[in-house]
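Residue numbers (the working numbering), protein chains in the order written: chain A, 1 to 316; chain B, 1 to 276; chain C, 1 to 331.
Just so you know, even glycine gets a beta-carbon here, dropped at the ideal spot from N, CA and C.
Reading through the structure tokens given below for one structure.
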């Protein structure tokens, strides 16, 4: 029982840290542009595919070996996806900044559709086996099994999140990003480089999302062009759960969601006497989303955004 | 029977925006609300119209409690407003902006409009005529079928007042109606507003343009730091030394402002950390 | 913009040529359909179903300005209504018209049940919650094997018949769908012009100001949601009857996005725009069959470029049914 407890907790932490990496991108974009980026899930998917490509090039053509190739592939992939993110913002969202609030979201739906089918055309629609980034090592902790991969994922995710924390709170660019998310018009009036801040967010968000995608694919050993949709939706749920626009909120929300999911999935068949099985895991996540929005629309760490504090001219 | 505020308060966190305002507004008059920036004038309007919630105290119209109602219910209780930043339905024509105001009265019969074309046509014609009349009053008849968002700024201000009048409200709240208008347009506005005065109607105008307020209003309340500082006729207000002090400030105020700024910085510090 | 320009733009002269051209093409197409091979009639039927779906979703997105990404759920409700009430699955064999009525009611009820909690939310969240709702319905259908047949779906659905007339051939469904589209289109168009339609537009433009003039925005949005869901559900029931087979595959997220795309491409808020959007989205892929994989990529890119270059869609907003009638009869 204790072993099971520990194992499930580690499972939840692993999944939670991956959700967190993706949720951060949603929350940061929402923070600066007040826009839901429906194409963000695709950054997650692209991360896995680009890493796979880089890895096969490095090992096959360059002849690089093992651990080094994996590390280089990981870094190259997340950096490239970051650049792709910046490019997409320039082309598909920037021209719509003064448009209705609906327009950039619709545009991001178009981007999402294009990316999924683009990858389908290039790499085929079927799922592809993804190499493990960590050797298969199992540890027995009080009767539970923990793999080296889980530890690796946790460490990688925490390093990235700590990096983001430092970037946002201790660097100049971080202050600029925070200023822009507080109030874009005011930041603009103060001569802050708003475009720079937005580009920064569209670099860092996809970068973290791509990292999440690589870790996720590595964890489950599989990737597919359509894998971004559901994970993206869950990460968005996590972002709302924690309070959209809030960076610590996104992390907290991700872990809470992962815990509810893992434990809920484990308990659901027991509680309902087998009527509702593990396949209802995704339903659980969305049910939580709807519940949170009803009870506390601002999320756990979000500021209460009422009509009074932000009155948008066009709340679409 | 009037619009009555009873020890009205509005609190944002630590900040008290409205601090125990009790007053009443009689029908048949135009009431001005003036005061320095941040005195709580707009907050007062927004609470009356239901855009902001009331922290404590009460607002009653003809004995009916308004402050617990939802915004649309308040509107349907006979309160209409305009906004400091014009808020028209931009992609609807000027006349549609007015016609939509018949919704509360006529939505119950909307299904008849769908299934019975002659009824729909009659309804549309009737609505259009009524709204045309109001547009004519504001000299907007030439713009009836132009999208509201495409109107010149001054016309938009007028159209917003026209929209507020469609439901023939008991209370008309005007939040800085002259903001951004040129001299000529302000004169036009003054004429229209004066003509709108009627024995049943309570008109409340928040305005910075002192000339407008002094010529238009029958009674003026002066707000200062969220409190009701003074109430009287335009000439009484002009003569009051309290009011002059509130606007021009005293030596003590400099210290107050410094303290307030420091306070604000401290708050922002906390907020920034929490947000990150 | 000068006042004179806007005045001219607001009341352009009724364009006779275009109106007659549109009218003539529509009539020619309808008259020619019975002589087309079955395959082509099926394509037209699918076009009409998408037009129906587009008209339904447009009420929420185009008129009321709410982004609903779970529309396909209502489509599924209708389709499974027919699947369950007219098949050996539960041993029920109800008449088609009765099922249509049941589907419409179920659609409206589902719409209201989803709408009540969701429509209080801020605009942005609505998109994501409806998206989640669409997925929930799909997952439930996928896993409720004893009722819905799970991923295999329900096969051998009854042949539909209305008052003794059997509706089985593609051309029968063409007439049925055409009549449905005309009726639904007219009702929705009249709704848009009614006081309720004006309120929807006001909510789209500025929800808070709409409350300020006494509109109970929650109720008005609920009405939009329920009407839209009803239409989606009716489309689903007819779809199931024409396929005589339902499975969860037809109700994916991509389908919802496709319908949104259709509305955006054609022209948000315009019934004729939907027809044009559906024609592009359904007929174009048929013409480009060899490039099957590329068409969705193409559609995605088209969506982005249209939103940026021509946010109003390809059919101008001013060209609606009213304009057509005015053009035809010179009123």
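With distances taken between CB atoms, is the gap from residue i to residue j smaller than 8 angstroms?
i: residue 234/B; j: residue 203/B; result: no
i: residue 36/A; j: residue 124/C; result: yes
i: residue 55/C; j: residue 185/C; result: yes
i: residue 59/B; j: residue 226/B; result: no
i: residue 259/A; j: residue 26/A; result: no
i: residue 134/B; j: residue 162/B; result: yes
i: residue 114/B; j: residue 191/C; result: yes
i: residue 149/B; j: residue 88/B; result: yes
i: residue 225/A; j: residue 92/A; result: no
On the CB-based measure, 16 or more other CB atoms within 10 Å of its CB, does residue i come out buried or exposed?
i: residue 259/B; result: exposed
i: residue 274/B; result: A caution first: residue 274/B carries a pLDDT of 43, below 50, which makes its placement in the model unreliable, though a value can still be read off. Looking at its Cβ environment, which holds fewer than 16 other Cβ atoms inside 10 Å, residue 274/B is exposed.
i: residue 44/A; result: buried
i: residue 239/B; result: exposed
i: residue 294/B; result: Since the first residue of chain B shown is 1 and the last is 276, residue 294/B is not available in this structure.
i: residue 313/C; result: buried
i: residue 11/C; result: Below a pLDDT of 50, predicted positions are generally treated as unreliable, and residue 11/C, at 46, falls in that range; the measurement from the model is reported next regardless. The residue is exposed, with fewer than 16 neighbouring Cβ atoms inside 10 Å.
i: residue 75/B; result: buried
i: residue 145/A; result: exposed
i: residue 137/A; result: exposed
i: residue 284/A; result: buried
i: residue 230/C; result: buried
i: residue 159/A; result: exposed
i: residue 249/C; result: exposed
i: residue 24/B; result: exposed
i: residue 224/B; result: buried
Would you tell me roughly how many angstroms separate the C-alpha atoms of residue i and residue j, rounded to the nearest one?
i: residue 211/C; j: residue 80/B; result: 11 angstroms
i: residue 150/A; j: residue 205/C; result: 49 angstroms
i: residue 110/B; j: residue 194/C; result: 6 angstroms
i: residue 4/B; j: residue 200/B; result: 15 angstroms
i: residue 121/A; j: residue 296/C; result: 10 angstroms
i: residue 265/A; j: residue 147/B; result: 54 angstroms
i: residue 243/C; j: residue 47/C; result: 14 angstroms
i: residue 160/C; j: residue 274/C; result: 27 angstroms
i: residue 314/A; j: residue 80/C; result: Reliability of the predicted coordinates at residue 314/A is poor, the pLDDT of 33 falling under 50, and the value obtained from them is presented with this limitation in mind. For residue 314/A and residue 80/C, the distance between alpha carbons rounds to 37 angstroms.
i: residue 245/B; j: residue 38/B; result: 15 angstroms
i: residue 102/B; j: residue 109/C; result: 28 angstroms
i: residue 173/B; j: residue 151/B; result: 22 angstroms
i: residue 279/A; j: residue 143/C; result: 7 angstroms
i: residue 214/C; j: residue 139/B; result: 25 angstroms
i: residue 301/A; j: residue 240/A; result: 10 angstroms
i: residue 134/C; j: residue 188/B; result: 54 angstroms
Per DSSP, what are the beta-bridge partners of residue i in this structure?
i: residue 6/B; result: 58/B
i: residue 80/B; result: 172/B
i: residue 93/C; result: 86/C
i: residue 203/B; result: 30/B and 172/B
i: residue 128/A; result: 223/A
Residue i lies in the beta strand (DSSP E); which residues open and close that run?
i: residue 229/B; result: 227–232
i: residue 23/B; result: 15–25
i: residue 223/B; result: 219–224
i: residue 51/B; result: From DSSP, residue 51/B is part of no beta strand (DSSP E); its letter is neither H nor E.
i: residue 160/C; result: 160–162
i: residue 166/C; result: 165–167
The alpha helix (DSSP H) spanning residue i covers which residue range?
i: residue 10/A; result: 2–33
i: residue 220/A; result: 194–220
i: residue 150/A; result: 148–170
i: residue 39/C; result: 38–58
i: residue 283/A; result: 281–295
i: residue 141/A; result: First-last for residue 141/A: 138–141, but that is the beta strand (DSSP E), not the alpha helix (DSSP H).
i: residue 239/C; result: 217–243
i: residue 267/C; result: Run containing residue 267/C: none; DSSP gives neither H nor E here.
i: residue 114/B; result: 110–115
i: residue 248/A; result: 247–271
i: residue 40/A; result: 40–56
i: residue 209/B; result: First-last for residue 209/B: undefined, no H or E at that position.
So is the beta-carbon of residue i under 7 angstroms away from any non-hydrogen atom of the ligand ZN?
i: residue 181/C; result: Of ligands this structure carries none, so the ligand ZN is not represented either.
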